[in-house]
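These protein sequence lines map, in sequence, to chains A and B.
So the first sequence is residues 1 to 168, counted in the UniProt record's numbering.
So the second sequence is residues 1 to 168, counted in the UniProt record's numbering.
Note that the Cβ used here is the ideal one computed from N, Cα and C, for glycine as well.
Presented below is the structure to which this report refers.
There are 2 protein chains.
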Amino acid sequence: MQLAEAKLKFIETWGKLGSEWGINRTMAQVHALLLITPDALTTEEVMEQLKISRGNANMTLRDLINWGLIEKQHRAGERKEYFYAQKDTWEIARRVAEERKKRELDPVLKVLGELSAIEGDMKDPAFKTFKTSVTDMHKLTKNINRTLDTMLKAEENWFWGSIFKIFK
Amino acid sequence: MQLAEAKLKFIETWGKLGSEWGINRTMAQVHALLLITPDALTTEEVMEQLKISRGNANMTLRDLINWGLIEKQHRAGERKEYFYAQKDTWEIARRVAEERKKRELDPVLKVLGELSAIEGDMKDPAFKTFKTSVTDMHKLTKNINRTLDTMLKAEENWFWGSIFKIFK
DNA sequence: TTAAACTTTCAAATATTATTGAAAATATAT
DNA sequence: ATATATTTTCAATAATATTTGAAAGTTTAA
Chain A
1 MQLAEAKLKF
11 IETWGKLGSE
21 WGINRTMAQV
31 HALLLITPDA
41 LTTEEVMEQL
51 KISRGNANMT
61 LRDLINWGLI
71 EKQHRAGERK
81 EYFYAQKDTW
91 EIARRVAEER
101 KKRELDPVLK
111 VLGELSAIEG
121 DMKDPAFKTF
131 KTSVTDMHKL
141 TKNINRTLDT
151 MLKAEENWFW
161 GSIFKIFK
Chain B
1 MQLAEAKLKF
11 IETWGKLGSE
21 WGINRTMAQV
31 HALLLITPDA
41 LTTEEVMEQL
51 KISRGNANMT
61 LRDLINWGLI
71 EKQHRAGERK
81 EYFYAQKDTW
91 EIARRVAEER
101 KKRELDPVLK
111 VLGELSAIEG
121 DMKDPAFKTF
131 KTSVTDMHKL
141 TKNINRTLDT
151 MLKAEENWFW
161 GSIFKIFK
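The structure is reproduced here in structure tokens:
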């Protein structure tokens with residue numbers, strides 16, 4: 001397989017995975033492109049390589065910056081902006097986990113907390129089942145949240161080094 | 001807040017979380033409904049409560065069965081099928097993780113393995129960056145996969161009991 | 001068998017989400 | 001200031017995903 005072909009395959013694969021994990025396909029593809037490109041690229045170059053419109057490229061690049069996955073670079077004497085990807089994978093995983101936790105898990109946690117606080121008659125099966133399920137789901141979500149928090153605080157070596165040994 | 005209102009809120013919240021995590025909204029809602037309902041429900045009852053069509057209810061219930069999240073119940077002398085949810089949250093988390101791993105992570109792992117095996121000239125920056133990034137992503141994905149595998153094999157108590165203490 | 005009860009299928013309709021492209025806004029050099 | 005390069009916005013459009021509903025299929029009882 002040639003490099004050019006392999007690049008396309010990587011971009012496609014990463015894009016698919018992204019779309020299955022709530023990161024839109026184009027965003028994951030642009031990220032993949034920047035990951036495998038040695039130097040920073042302009043909006044123009046991203047548009048060309050992925051065959052997407054200017055508007056799409058602009059918005060996607062901004063989103064990636066907001067997720068903390070890529071950064072802007074300014075070059076002396078040049079007017080356009082260059083973009084390059086953070087290439088440390090542990091940092092990428094952290095950023096994605098952090099962002100999704102903030103956007104999705106935290107709000108749900110809040111609602112579940114409210115719902116599991118509701119009072120009622122435990123002798124009523126309808127209430128009892130509701131209460132139990134909601135409380136259990138709340139616990140599960142809190143556990144997942146806690147695990148993510150711990151991971152987010154962890155340093156790379158500590159994480160990959162010790163946790164995975166324990167998980168062995 | 002009344003029970004009826006709380007139920008709706010739970011169904012809505014769980015549905016939203018589901019849709020953000022690649023499980024379609026209706027599927028997550030039907031699951032939520034069955035979770036908080038003491039007795040098994042018929043297709044008809046699910047249709048009524050969530051105001052969805054027969055076709056949709058049928059397909060969604062089948063999907064939930066395929067994910068291992070709900071089961072059918074047959075009642076003596078009755079012709080229709082009843083559905084009820086597995087209520088053990090740890091088991092729910094396991095099933096979802098297992099299913100998504102199988103559907104999404106495993107295929108990606110295969111492609112990344114192929115791509116990171118490609119040979120080339122490490123003095124060429126284009127090749128070097130490609131190789132390094134793909135290999136790193138492969139490692140990251142393998143690590144995530146390994147963690148999931150370990151979790152899937154773990155028993156509830158062992159998992160929540162010891163791992164989270166370590167994660168403290 | 002036949003018929004009623006129930007389940008499944010799937011093409012068409014609807015809803016949701018992503019993308020385009022051209023105009024407006026902004027920044028920079030002269 | 002003015003022209004030019006570059007970025008941003010967003011209504012219109014396109015692509016994708018979900019839902020409907022009615023017809024076809026299946027099962028069971030008599």
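Thinking C-alpha only, which one of the options is nearest residue i?
{"i": "Met1/B", "options": "Glu114/A, Lys102/A, Glu99/A and Glu48/A", "result": "Glu114/A"}
{"i": "Asn66/B", "options": "Glu44/B, Val96/B and Thr43/B", "result": "Val96/B"}
{"i": "Glu98/B", "options": "Val134/B, Lys131/B, Thr150/B and Ala32/B", "result": "Thr150/B"}
{"i": "Leu34/B", "options": "Ile23/B, Lys87/B and Ile118/B", "result": "Lys87/B"}
{"i": "Phe83/A", "options": "Asp39/A, Leu152/A, Leu140/A and Ile118/A", "result": "Asp39/A"}
{"i": "Trp14/B", "options": "Ala154/A, Pro107/A and Leu148/A", "result": "Pro107/A"}
{"i": "Leu109/B", "options": "Leu3/A, Glu5/A and Leu17/A", "result": "Leu17/A"}
{"i": "Ala85/B", "options": "Ser133/A, Glu48/A, Glu5/A and Leu41/A", "result": "Ser133/A"}
{"i": "Glu48/B", "options": "Val30/B, Asp63/B and Phe130/B", "result": "Val30/B"}
{"i": "Thr21/B", "options": "Lys80/A, Asn145/A and Glu104/A", "result": "Reading off the sequence shown, one finds Trp at residue 21/B, where the question assumed Thr. Answer by Cα proximity: Glu104/A."}
{"i": "Ile70/B", "options": "Thr129/B, Ala76/B, Ser19/B and Leu41/B", "result": "Leu41/B"}
{"i": "Arg100/B", "options": "Lys139/B, Asn24/B, Lys80/B and Phe130/B", "result": "Asn24/B"}
{"i": "Gly68/B", "options": "Glu81/B, Lys80/B, His74/B and Ile92/B", "result": "Ile92/B"}
{"i": "Ala4/B", "options": "Ala76/A, Glu119/A, Leu3/A and Gly77/A", "result": "Glu119/A"}
Got a sec, what are the start and stop residues for the alpha helix (DSSP H) residue i sits in?
{"i": "Gln29/B", "result": "Arg25 to Leu35"}
{"i": "Ala97/A", "result": "Thr89 to Arg100"}
{"i": "Ala57/A", "result": "Arg54 to Asn66"}
{"i": "Glu104/A", "result": "It is not in any alpha helix (DSSP H) - Glu104/A carries neither H nor E in the DSSP assignment."}
{"i": "Ala117/B", "result": "Per DSSP, Ala117/B belongs to no alpha helix (DSSP H) and is neither H nor E."}
{"i": "Ala126/A", "result": "Pro125 to Lys153"}
{"i": "Lys22/B", "result": "Correcting the residue type first, residue 22/B is Gly in the shown sequence and not Lys. Element bounds for Gly22/B: n/a, residue is neither H nor E."}
{"i": "Met1/A", "result": "From DSSP, Met1/A is part of no alpha helix (DSSP H); its letter is neither H nor E."}
{"i": "Gln49/A", "result": "Thr43 to Leu50"}
Which residues in the same chain as residue i place their Cβ atom closer than 7 angstroms to its Cβ, once the five residues preceding and following it in sequence are excluded?
{"i": "Lys7/B", "result": "Ile36"}
{"i": "Asn56/B", "result": "Thr26"}
{"i": "Met137/A", "result": "Leu112"}
{"i": "Leu152/A", "result": "Arg94, Ala97 and Glu98"}
{"i": "Lys123/A", "result": "none"}
{"i": "Lys80/B", "result": "Thr42"}
{"i": "Phe10/B", "result": "Ala32 and Ile36"}
{"i": "Thr141/A", "result": "Leu105, Val108, Leu109 and Leu112"}
{"i": "Asp63/B", "result": "Met27"}
{"i": "His74/B", "result": "Glu81"}
Skipping 5 residues on each side, what residues in its chain have a beta carbon closer than 6 angstroms to that of residue i?
{"i": "Glu12/B", "result": "none"}
{"i": "Asp121/B", "result": "Phe127"}
{"i": "Leu148/B", "result": "Ala97 and Lys101"}
{"i": "Ala76/B", "result": "none"}
Could you pull the start and end residues of the beta strand (DSSP E) that residue i belongs to?
{"i": "Lys72/A", "result": "Ile70 to His74"}
{"i": "Glu78/A", "result": "First-last for Glu78/A: undefined, no H or E at that position."}
Here's a check: name, in chain order, each residue in its chain whose Cβ is nearer than 8 angstroms to the Cβ of residue i, leaving out the five neighbours to either side.
{"i": "Asn58/B", "result": "Thr43"}
{"i": "Thr135/B", "result": "Ser116"}
{"i": "Leu61/B", "result": "Val30, Thr43, Val46, Ile70 and Phe83"}
{"i": "Ile144/A", "result": "Leu105"}
{"i": "Ser19/A", "result": "Arg25 and Ala28"}
{"i": "Lys72/A", "result": "Ile65, Glu81, Tyr82 and Phe83"}
Given that a residue counts as buried once 16 or more other Cβ atoms are within 10 Å of its Cβ, and exposed if not, what is residue i?
{"i": "Ser53/A", "result": "exposed"}
{"i": "Ala32/B", "result": "buried"}
{"i": "Lys51/A", "result": "exposed"}
{"i": "Ile166/A", "result": "Residue placement at Ile166/A is poorly supported in this model, since its pLDDT is 48, which falls under 50; the coordinates are not used for a value here."}
{"i": "Ala28/B", "result": "buried"}
{"i": "Lys131/A", "result": "buried"}
Compile a chain-ordered list of the residues in the region 81 to 113 of chain B whose CB is closer than 9 angstroms to at least one CB of chain A. Ala85, Lys87, Asp88, Thr89, Trp90, Ile92, Ala93, Arg100, Arg103, Glu104, Leu105, Pro107, Val108, Val111 and Leu112
In the region 24 to 37 of chain A, which residues sit with their C-beta less than 8 angstroms from some C-beta in chain B, listed in chain order? Leu35, Ile36 and Thr37
Residues from the region 7 to 23 of chain A in contact with chain B, defined by Cβ distance under 7 angstroms: Lys7, Lys9, Phe10, Thr13, Leu17, Glu20, Trp21 and Gly22
Could you list the residues in the region 116 to 130 of chain A with a C-beta less than 8 angstroms from some C-beta on chain B, going in chain order? Ile118, Gly120, Pro125, Ala126, Phe127, Lys128, Thr129 and Phe130
Closer than 8 angstroms, Cβ to Cβ, to anything on chain A: give me those residues from the region 131 to 149 of chain B, in chain order. Thr132, Ser133, Val134, Asp136, Met137, Lys139, Leu140, Asn143, Ile144, Arg146 and Thr147
Can you pull out the residues from the region 49 to 79 of chain B whose beta carbon lies closer than 8 angstroms to at least one beta carbon of chain A? none
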